[in-house]
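**Q** Handing you a structure now.
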Amino acid sequence: MSISIEQRRQHRLMTIEKSLAKRHRKENVFRRLGLMAVITGMTLVAILFASILMRGVPAFWQATFYVDVYFDPEVIELEPKPERESGESQFAFNERYTQWMTRAGLVNWQALIDRAVEDALGEEIEPRQLRDLRALVTSGERYALRDRFVEDPSLLGQTVELKMLASANVDVWIKGNIDRDLPDARQQLSAQTRAWADQLDEQGVIRNAFSTSLFLNTDSRSSLASAGLAGAFMGSLFMMMVVITLSVPLGVSSAIYLEEFAPKNRLTDLIEININNLAAVPSIVFGLLGASIFIGYLRLPLSAPLVGGLVLTLMTLPTIIIATRASLRSIPPSIRQAALGIGASRVQTVFHHVLPLALPGILTGSILGVAQALGETAPLLLIGMNAFVANVPGTPLDQSTALPVQIYLWQGNELRNFFEARTSAAIIVLLGLMLSLNALAIWLRKKFETRW
Amino acid sequence: MSNLALIATLLVMMALAYHLGLTRSRAVAAEHDVRMHSRPGYYGVLVALWCGLPALAIFLLWSFLAPQLIDMLVTQQLPADLVAGLSDRELQTLLRRVAALANGQGVSGGGSPEELAAAGHMARLQTIENFSLVALMAVLVVAGLIVARRRISPSWRARNQVERVIMFALAASSAVAIFTTIGIVLSMLGEALRFFSFISPAEFFFGTVWNPRFSTAGASSQGDFGLLPLLWGTMMVSAIALLVAIPVGLMTAIYMAEYAPPWLRNVAKPVIEILAGIPTIVYGFFALIVVGPFLSSVGDLIGINIRTTSALTAGLVMGIMIIPFVSSLSDDIITQVPKSLRDGALGLGATKSETIRQVVLPAALPGIVGAFLLAASRAIGETMIVVLAAGNNPVLHANPFEAVSTITVTIVNQLTGDMDFASPQSLVAFALGLTLFVITLGLNVIALVVVRKYRQQYE
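Residue numbers (this note's numbering), protein chains in the order written: chain A, 24 to 475; chain B, 256 to 714.
Here it is, written out as structure tokens:
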């Protein structure tokens, strides 16, 4: 009954081989799981980008009328634009000019647009159909027409081919973003308007043209097709200016102090823990801080980019401090020792030798911090930056929105068919800005990366 | 003079002072034929600081105190019968109207005679204030300049003094972070205490109904402010998010750290970093228009009623958002595990996955747990995704396919638009914010302690 040594060896080898195969299978499964996780992550991101791009890119092209507008002297009953006469005071001229502008505002510019569209249709419009006709061109165009005339009064009596944006609903209809078979009651446009839109589309009067309105106009409630990001962009720009001028110097000097000079004691330990915690405090808490202190206590104005900038400064400060400290820490002590050794003071050592070497890292961290601030929405909602603002802010104290807040406001617009695309387009603009900032930071780091 | 012009003039004066100090120190050195203690530039900077700092301090103090002083003086000037019946808030409004009149902006309905008189008074006071500020600053600038320039001598230790000022400035800026925290705690505590004077803390923390009503409804119908439905919603969404993010993020980190070829690492790392930078509003919009409808139609297909905006939608997208966060934190921690541990396991014949599962991960566990806690705190504090995709339905229920509401959503809802800090309806935002702050702070502190312990272990 004894098994030979050889058999026993055989048996053991077989067991090992069997278990080895099993272990290798497990190894493969595990590695595939890892790869799948990476692929899942990347796929999800790809879906995100693809869906935003697919919806947003078409919104940069809008249904646009190409019509001949006749600047009819009978409609534009205006004396020539006032020129400043010799001997006239600036005040008197301003008075006269304002009066003329007021009268220019009272001119029935809509009538010119109505006439132009009527001519393009080639049929007489009865007065009761005027409503249907006016639903074609977006209402902001009459102001554009006025501005164009004020700029160049010699247009009077001339016929000019102009581009005018179609209304949001016509844009939706032409692009097929609404079910064309819906019953009349659920359509946004009347049957007549839809028929006209199709006719003009066939004639080539309405074309799908690249529109700059998204970049050049401010938000609008009445003329949705020409609502743009200009105001929000300026608001964001002002906020970023505040953030850059405050949080970068503050953050960098605070990091220099903590990393290079601060004695290691309880207090600095506390500051360090505190900064790490601040970096992880939810952004909305900073909004509450802004609402209570800047608005409630210091009585700074609501909706002002200055307040938004201050809140975002406090929010990005920890990010910049942490990045700067990491960058300073990566500079080898030998640099410091060399400088100290030949008689430089500690301040000189840091400012003349350590800081220049750490600059690329500091710059990268600061750019990332600013990019993070650029995309932040929640705290801004709490300090009133979600108000509707139809002007481009001229100073950091004017009412304003910001790019991410504008996205928030647009996604909630009732005209979903139009604003889904427009919001996506706004997101593309914001992402474009942020990703280029991020890419810049990564490129800077790659370019100046030094291995000590 | 406007403030901007004042500061600009001050800067010009400081530049001038720098130049004077510089040339003076050279002249002194030539005159006595000795070496100065510091290099000429330091004397220049020091003179500029002497010249600018006192004036700047006065300017800041002045712009903080003067408006209050003027308001006080104007209030005293106002007829007593006009002021007597006014609340604090009404008085502020009145003063703002007077200020608008004084600046020549005009107010709605024109000013009453009393207001106009007060405005005249205020305008006079403002003129006096402005002139005295400019005069005081001029005196300080000139005096500082003269004194500092006189003191330049070979033995004056300019560099040490300049460095002391620099050190003070550096230390002061690191105090900003402390003040921010203090500001957060104090402002939230203050407003939350005011809220608790309307609603008892027990009612708030243990209430199961959230129905704040509108602040215009009057004090008689106060509404219910129960935290639990919101807390529950927050936990549900965060839990779903972590269920998505932790497996995917951790496996990604493991693959990146242990298996991925260098080229993949070089591509994937920046991509992940960029992902972490996408604004949350974008994820929210994505949830609202893509993920929500998709989940809803999947639900229809398998016969479950999934709402477009639900805990599941918000949680899923939030999970996607924190994948890069989890993976980059875990990646850092896994790569910190010493190579000797891996070599030992591999040398004993373990396969790579066995090494990872039985050696690397247990060694890295504290750090990874810390990373999870940080991810959880981020999920709890996330706002925009839940605002757009969770559906705002503050009711206690356990169905992830239904809409929920979270703490952050409610803060936004209660505090947007209305800035009247007197009603419990808007003050509750601060009580909620305080709760949120305490929860995330707790998670962060635990996480930081754990991660720090772990770092020390291998340093």
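By construction, the Cβ of each residue, glycine as well, lies at the ideal position given by its N, Cα and C atoms.
Assign TRP411 (chain B) to buried or exposed, taking buried as 16 or more other Cβ atoms, counted over all protein chains shown, within 10 Å of its Cβ.
**A** buried
**Q** Determine the chain B residues that contact PRO341 (chain A) at a beta-carbon separation under 9 Å, and present them in chain order.
**A** What PRO341 (chain A) touches in chain B: ALA432, THR435.
**Q** Apart from the five residues just before and just after PRO81 (chain A), which ones in its own chain have a Cβ nearer than 8 Å to its Cβ?
**A** LYS198, ALA444
**Q** With C-beta atoms as the reference, is ALA143 (chain A) less than 8 Å away from LEU58 (chain A)?
**A** Result no, Cβ atoms of ALA143 (chain A) and LEU58 (chain A) do not sit closer than 8 Å.
**Q** Suppose contacts are defined by Cβ-Cβ distances below 8 Å. Is LEU261 (chain A) in contact with GLY332 (chain A) by that definition?
**A** The residue you asked about is not Leu; residue 261 (chain A) is Phe in the sequence shown. Taking 8 Å as the Cβ cut-off, PHE261 (chain A) and GLY332 (chain A) qualify as a contacting pair.
**Q** Please state the DSSP three-state secondary structure of PHE541 (chain B).
**A** The answer is helix: DSSP assigns PHE541 (chain B) an H, G or I state.
**Q** Looking at chain A, is there any beta carbon in it that lies within less than 8 Å of the beta carbon of VAL353 (chain B)?
**A** The beta-carbon of VAL353 (chain B) is placed no less than 8 Å from the nearest beta-carbon of chain A.
**Q** Which whole runs of the beta strand (DSSP E) in the region 152 to 234 of chain A are 3 residues long or more, in chain order?
**A** Within the region 152 to 234 of chain A, the complete beta strand (DSSP E) runs of at least 3 residues are 182 to 188, 229 to 233.
**Q** CB GLN122 (chain A) to CB SER234 (chain A), shorter than 8 Å?
**A** Taking 8 Å as the cut-off, the beta carbon of GLN122 (chain A) is found no closer than this to the beta carbon of SER234 (chain A).
**Q** So which residues on chain C does VAL308 (chain A) lean against when the C-beta distance must stay under 7 Å?
**A** Going by chain labels, chain C is absent from the structure shown, which instead holds the protein chains A and B.
**Q** Give the single residue among A:GLN211, A:PRO328, A:ALA127 whose Cα lies nearest to the Cα of ASP155 (chain A).
**A** A:GLN211
**Q** Note down the Cα distance separating LEU407 (chain B) from TYR298 (chain B), rounded to an integer number of angstroms.
**A** The residue asked about is misnamed: residue 407 (chain B) is Ile in this sequence, not Leu. Approximately 7 Å, taken between the alpha carbons.
**Q** Are GLN434 (chain A) and PHE540 (chain B) close, meaning C-beta to C-beta below 8 Å?
**A** yes
**Q** For VAL393 (chain A) and THR336 (chain A), which I take to be in contact (beta-carbon distance under 8 Å), what is that distance rounded to the nearest angstrom?
**A** The pair is not a contact, with the Cβ atoms about 10 Å apart (cut-off 8 Å).
**Q** Contact check, SER429 (chain B) vs TYR280 (chain A) under 8 Å by CB: the rounded distance?
**A** 5 Å
**Q** What do you get for ALA285 (chain B), buried or exposed, if any count of 16 or more other CB atoms within 10 angstroms of its CB means buried?
**A** exposed
**Q** Quick check on GLY646 (chain B): does DSSP put it in helix, strand or coil?
**A** strand
**Q** What do you get for ALA424 (chain B), buried or exposed, if any count of 16 or more other CB atoms within 10 angstroms of its CB means buried?
**A** Burial check for ALA424 (chain B): the Cβ neighbour count within 10 Å stays below 16, so the residue is exposed.
**Q** List, in order along the chain, the chain B residues whose C-beta lies closer than 8 Å to that of LEU312 (chain A)?
**A** THR435, GLY438, ILE439, SER442, MET443
**Q** Given this structure, state the Cα-to-Cα distance separating ARG352 (chain B) from ASN358 (chain B), to the nearest angstrom.
**A** 10 Å
**Q** Report all residues from its chain with a CB closer than 8 Å to the CB of LEU380 (chain A); omit the five preceding and five following residues, and keep chain order.
**A** ILE354, ILE358, THR473
**Q** What first and last residue would you give for the alpha helix (DSSP H) that runs through THR342 (chain A)?
**A** 328 to 352
**Q** Hey, is ALA618 (chain B)'s beta-carbon within less than 8 Å of any beta-carbon in chain A?
**A** no
**Q** Quick check on the burial criterion: 16 or more other C-beta atoms within 10 angstroms. Buried or exposed for PHE386 (chain B)?
**A** With fewer than 16 Cβ atoms within 10 Å of its Cβ, PHE386 (chain B) is classed as exposed.
**Q** Nearest-angstrom Cα distance between TRP465 (chain B) and VAL537 (chain B)?
**A** 29 Å
**Q** Figure out for me which residue from B:LEU266, B:SER608, B:SER565, B:ILE501 has the closest Cα to the Cα of ALA393 (chain B).
**A** B:LEU266
**Q** So LYS49 (chain A) contacts chain B; which residues on that side make the cut at Cβ distance below 7 Å?
**A** Those are SER608, listed as they occur along chain B.
**Q** CB-CB under 8 Å to LEU320 (chain B), same chain, minus the five flanking residues each way: which ones, in chain order?
**A** none
**Q** Taking its Cβ as the centre, do 16 or more other Cβ atoms sit within 10 Å of VAL492 (chain B), making it buried, or is it exposed?
**A** buried
**Q** Quick check on GLY392 (chain A) - is its C-beta less than 8 Å from some C-beta in chain B?
**A** no
**Q** Going along the chain, which residues of its own chain have a beta-carbon closer than 6 Å to the beta-carbon of TRP132 (chain A), five neighbours each way excluded?
**A** ARG165, LEU168, ARG169
**Q** Tell me which residue opens and which closes the beta strand (DSSP E) that ASP91 (chain A) is part of.
**A** 84 to 93
**Q** Does the CB of ARG414 (chain B) have a neighbour CB from chain A at under 8 Å?
**A** yes
**Q** Please check if any C-beta of chain A sits within less than 8 Å of the C-beta of THR568 (chain B).
**A** Judged by the 8 Å Cβ criterion, THR568 (chain B) is not in contact with chain A.
**Q** Hey, is ASN555 (chain A)'s beta-carbon within less than 8 Å of any beta-carbon in chain B?
**A** The displayed coordinates of chain A run from 24 to 475. Any statement about residue 555 (chain A) would go beyond what the structure contains.
**Q** If I'm right that ALA447 (chain B) touches ALA566 (chain B) with Cβ under 8 Å, what's the distance once you round it to whole angstroms?
**A** That belief does not hold up - the Cβ atoms of ALA447 (chain B) and ALA566 (chain B) are roughly 27 Å apart, past 8 Å.
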